[in-house]
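Peer 1: My questions all concern the structure below.
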Amino acid sequence: MIKISGISKWYSSFQVLTDCSTEVAKGEVVVVCGPSGSGKSTLIKCVNGLEPFQQGTITVDGVSVGDPKTDLPKLRARIGMVFQNFELFPHMTVTQNLTLAQTKVLGRGREEALAKGMALLERVGLKAHAAKFPGNLSGGQQQRVAIARALCMDPIAMLFDEPTSALDPEMINEVLDVMVQLAQEGMTMMVVTHEMGFARRVADRVIFMDAGKIVEDTSKSEFFGTPRSERAQLFLSKILGH
Amino acid sequence: MHYHWNWRIFWEQSPDGAGTYLHTLFVGLGWTLALALLAWALALALGVMVGVLRTTPLKWLERAGYAYVELFRNIPLLVQMFLWYFVMPELVPKGLGDWIKQMPPPWGSFVPAVLCLGTFTSARVAEQVRAGINSLPRGQRMAGTALGLTLPQTYRYVLLPMAFRIIVPPLGSEFLNIIKNSAVALTINVVELTARARAMQEYSFQVFEAFTAATVIYLLVNLVVVLLMRYLERKVAVPGYMGQGGAAASGH
Amino acid sequence: MFGSFDFDVIERSWRYLFFDGMAFTLRLTLFAMVGGIVFGTLLAMMRLSSVKPLAWIAGVYVNTLRSIPLVLVIFWFYFLVPYIGAWVLRSDTPIRVGAFASSLLTFVMFEACYYCEIMRAGIQSIPRGQVWAGYALGLNYWQSMGHVVLPQAFRNMLPVLLTQTIVLFQDVSLVYVLSITDFVGAASKVAERDGRLVEMYSFVAVVYFVACLLLSQSVRRLQARIAIVR
Chain A
972 MIKISGISKW YSSFQVLTDC STEVAKGEVV VVCGPSGSGK STLIKCVNGL
1022 EPFQQGTITV DGVSVGDPKT DLPKLRARIG MVFQNFELFP HMTVTQNLTL
1072 AQTKVLGRGR EEALAKGMAL LERVGLKAHA AKFPGNLSGG QQQRVAIARA
1122 LCMDPIAMLF DEPTSALDPE MINEVLDVMV QLAQEGMTMM VVTHEMGFAR
1172 RVADRVIFMD AGKIVEDTSK SEFFGTPRSE RAQLFLSKIL GH
Chain B
-14 MHYHWNWRIF WEQSPDGAGT YLHTLFVGLG WTLALALLAW ALALALGVMV
36 GVLRTTPLKW LERAGYAYVE LFRNIPLLVQ MFLWYFVMPE LVPKGLGDWI
86 KQMPPPWGSF VPAVLCLGTF TSARVAEQVR AGINSLPRGQ RMAGTALGLT
136 LPQTYRYVLL PMAFRIIVPP LGSEFLNIIK NSAVALTINV VELTARARAM
186 QEYSFQVFEA FTAATVIYLL VNLVVVLLMR YLERKVAVPG YMGQGGAAAS
236 GH
Chain C
479 MFGSFDFDVI ERSWRYLFFD GMAFTLRLTL FAMVGGIVFG TLLAMMRLSS
529 VKPLAWIAGV YVNTLRSIPL VLVIFWFYFL VPYIGAWVLR SDTPIRVGAF
579 ASSLLTFVMF EACYYCEIMR AGIQSIPRGQ VWAGYALGLN YWQSMGHVVL
629 PQAFRNMLPV LLTQTIVLFQ DVSLVYVLSI TDFVGAASKV AERDGRLVEM
679 YSFVAVVYFV ACLLLSQSVR RLQARIAIVR
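Protein chains in written order, with our numbering: chain A, 972 to 1213; chain B, -14 to 237; chain C, 479 to 708.
Okay, structure coming up:
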């Protein structure tokens, strides 16, 4: 589904990604982890073209992201993304957040969009908050709405950029539960996160990045059992400590 | 299109006998700068005083300063110009009023223009000074008085030196504003640069040459002032401070 | 001191002052505000665009008009508009343009530079994540600008935009240099006809003072009430 080949990216003269290659098959859940500054957020933003890259290719469902002839908005409508800071639109209600892209990008009618929005809102357990503004919701609630917003577009794959890093500890689980359910239903997911518990539960593969390079790319059992690189071992020991 | 360009017009003689058109424009520039500089001096003197008064703990001084600023802010510059030129001589004691009214031509207009621009701008300077002082950490004032300095001494040695450095950029903008606002003085017969350009246009019919010259001259003056301000900023910069503070300057 | 002043002149001429003069001022202010904000927002988007020539043109235009006196700009447009009109309509002679149309164009083009800088700051204050979220949903540039960025930017900058409009209200008085009858122009015509300069100009000053003071206090109250909760 997602093919990343030889991706390198520079900010001016500073190289942030070096020759990254990996694949996410349909229905697979891949977790990307690593220390701060390892480039994992940057890599995931390259997948749907939010960040440009100078070398390499990325294709999603056969469509090349880096090709100038690609209709990026159309491609992005098929890939869902969830951000660390939720990024709900604060001047719109929850309902409006959910229906905006459905009507303006997919061209759905208002009733259809509304019905879909409410269905997904119910699925993340927040139907009662439909008329509220994001400012009136807690962080965990906002992130669940953000997931629903992405799902309203019927995406073929979902990208998560540190979805729980900005949440207070007591709210992390409500979001992770939604993500686990999504994974169990067969969604193709690429998740940048520190939550190793989540990785252990639903990930198929774990990618470890350090200083812009993919250092390890193994199945979950191998990664948690016997990681090969020292860096990964060090990282694991630090975060599995708590 | 009927417009005939004639860029050599600048070297032709102006019909009012004041020399070539180019010469008259530069004379106009001279009056613009004289007006701007004198008004700026007045604006700084008054503005710093009012700005400081607005930050003192004395409530009534603060309110007096507020009234001062609001007075000059809420009346258009053109109207203030007319007040200084037409109304002020009638309101002051008769002897002074008569003396003002019989001042010979350039000064009869120039002096009210300086007073008008100076007081108008002093209100804006006062706001910048106030914002600059208020942007300093509260502890500075307390540290000064804790050392035994009186309030005036605290202002003089602790607060104002820092506040001035912080507000160099916004004060630079205010100076540029005075130069632009000086053009309004043409309504009371001060023959500054824009007035000269208008006169040139009326005598020679070379509209676009005249106004282009004025525009270019204003832009060059702007450039010089901006460069001077940047030099000044660098010279007085305090390590660790990035030039915050200063009131937001909307309008012009 | 005030004995020889005749304030009745105000009573006699107030219809002319307000229904002709002030009406002109208010009409011009309102139309120039709307036009200026629309054009200013467009200029701001140009300045922030990644298309370098667009950004450069907008930058040069805004910086030039902000560096020269408004009086000079008024003269420029007064003489320039008939020629541009002729060029647009392919006529041989310069087009005659009415006083209101000419001043409206002048003030829209001039104030747009100031509204541009305000909107530019507003747009830049919107976190990048909001833009990314819009793009991630498949919105294109115009959609994300129109639905996500500009509504928030406009809301945030509304007090500053209104303050600039109060400045515009005062700037309109400079149409005096073209002998156009706005509020100040009307007052000066009455003043010269009746020889009552002191009374008329004092009155004008008081009216402006009260109006602008009330307006700026309303803006301050508005500022306290609207803030998007993040």
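Virtual Cβ for every residue (Gly too), placed ideally from N, Cα, C.
Report yes or no: do three or more beta-carbon pairs, one from the stretch 1097 to 1115 of chain A and one from the stretch 594 to 607 of chain C, lie closer than 8 Å?
Peer 2: no
Peer 1: For W(-8)(B), does the three-state DSSP call read helix, strand or coil?
Peer 2: helix
Peer 1: What in chain C is Cβ-close to A1048(A), meaning under 8 Å?
Peer 2: L615 and G616
Peer 1: In whole angstroms, give me the CA-to-CA distance for I601(C) and L521(C).
Peer 2: 12 Å
Peer 1: Cβ atoms of V35(B) and G50(B): under 8 Å apart, would you say?
Peer 2: With contacts defined as CB atoms closer than 8 Å, G50(B) and V35(B) qualify as a contacting pair.
Peer 1: Where does G1037(A) fall in DSSP's three states?
Peer 2: coil
Peer 1: Could you tell me which residues DSSP puts in a beta bridge with S976(A)?
Peer 2: According to DSSP, residue pairing for S976(A) in a beta bridge involves T1028(A).
Peer 1: Report the three-state DSSP secondary structure of E1093(A) (helix, strand or coil).
Peer 2: helix
Peer 1: What residues from chain A crowd round W620(C), counting only those whose CB sits closer than 9 Å?
Peer 2: Neighbours of W620(C) on chain A: none; closest Cβ ~10 Å, over 9 Å.
Peer 1: Apart from the five residues on each side of it in sequence, which residues of its chain come closer than 6 Å, Cβ to Cβ, to L100(B)?
Peer 2: Excluding positions up to five away in sequence, the list reads W69.
Peer 1: Short check: CB of L640(C) to CB of V697(C), under 8 Å?
Peer 2: yes
Peer 1: So with CB distances below 9 Å, who are the chain A contacts of R703(C)?
Peer 2: Simply none; closest approach about 15 Å.
Peer 1: Quick check on V1076(A) - is its C-beta less than 8 Å from some C-beta in chain C?
Peer 2: Judged by the 8 Å Cβ criterion, V1076(A) is in contact with chain C.
Peer 1: Taking E1187(A) as part of the beta strand (DSSP E), name the residues at either end of that continuous run.
Peer 2: K1184 to S1190
Peer 1: Please report how far the alpha carbon of C1123(A) lies from the alpha carbon of G1088(A), in whole angstroms.
Peer 2: 6 Å
Peer 1: Listed in chain order, which residues of the stretch 57 to 79 of chain B have Cβ atoms closer than 8 Å to some Cβ of chain C?
Peer 2: R58, N59, I60, P61, L62, L63, V64, Q65, F67, L68, F71, V72, E75 and L76
Peer 1: Any residues in the stretch 205 to 222 of chain B with a beta carbon nearer than 7 Å to a beta carbon of chain C? Which ones, in chain order?
Peer 2: N207
Peer 1: By the three-class DSSP mapping on this structure, what secondary structure does T1013(A) have?
Peer 2: helix
Peer 1: Using a beta-carbon distance below 8 Å, is A1090(A) in contact with chain C?
Peer 2: no
Peer 1: For N(-9)(B), count the other beta carbons within 10 Å of its own beta carbon; 16 or more makes it buried, fewer makes it exposed. Which is it?
Peer 2: exposed
Peer 1: Quick one: residues in its chain with C-beta nearer than 6 Å to the C-beta of T1074(A), no 5 flanking neighbours on either side, listed in chain order?
Peer 2: Apart from the 5 residues on each side of it in sequence, T1074(A) sits with its Cβ closer than 6 Å to the Cβ of A1084 in its chain, given in chain order.
Peer 1: Quickly, what does DSSP pair F1131(A) with across the bridge? List them, please.
Peer 2: V1053(A) and V1162(A)
Peer 1: Could you check which residue in N1056(A), R1081(A), H1062(A) and R1079(A) has the C-alpha nearest to that of R606(C)?
Peer 2: N1056(A)
Peer 1: Among T197(B), W(-4)(B), T5(B) and F11(B), which one has its Cα closest to the Cα of V176(B)?
Peer 2: F11(B)
Peer 1: Out of L656(C), F681(C), V538(C) and R598(C), point me to the one whose CA is closest to F71(B)'s CA.
Peer 2: F681(C)
Peer 1: Could you check where the alpha helix (DSSP H) with T197(B) kicks off and where it finishes?
Peer 2: V192 to V221
Peer 1: For F(-5)(B), which option in D83(B), A195(B), A222(B) and L136(B) has the closest C-alpha, if you only look at C-alpha atoms?
Peer 2: A195(B)
Peer 1: CB-CB under 6 Å to R708(C), same chain, minus the five flanking residues each way: which ones, in chain order?
Peer 2: Reliability of the predicted coordinates at R708(C) is poor, the pLDDT of 43 falling under 50, and no value is obtained from them.
Peer 1: Which class does R708(C) belong to by DSSP, given the choice of helix, strand or coil?
Peer 2: For R708(C), the predicted structure reports a pLDDT of 43, less than 50, and the residue's modelled location is therefore unreliable. A value from the coordinates is still provided. R708(C): coil per DSSP, three-state reduction.
Peer 1: L628(C) and I704(C) look like a contact to me (Cβ under 8 Å); what is the Cβ gap, rounded to whole Å?
Peer 2: Wrong, their Cβ atoms sit about 16 Å apart, outside the cutoff.
Peer 1: Note the first and the last residue of the continuous alpha helix (DSSP H) segment covering E55(B).
Peer 2: K44 to R58
Peer 1: Tell me which residue opens and which closes the alpha helix (DSSP H) that C1004(A) is part of.
Peer 2: No alpha helix (DSSP H) contains C1004(A), which is instead part of the beta strand (DSSP E) from V1000 to C1004.
Peer 1: Using a Cβ-Cβ cut-off of 8 Å, state whether P547(C) counts as contacting chain B.
Peer 2: yes
Peer 1: Taking the straight line between their C-alpha atoms, what separation do you get for P42(B) and P137(B)?
Peer 2: When rounded, the distance between both Cα atoms is 12 Å.
Peer 1: Helix or strand or just coil, what does DSSP make of R1202(A)?
Peer 2: helix
Peer 1: Report the CB separation of I973(A) from C991(A) in whole angstroms; it is logged as a contact under 8 Å.
Peer 2: So it is not a contact: roughly 12 Å between Cβ atoms.
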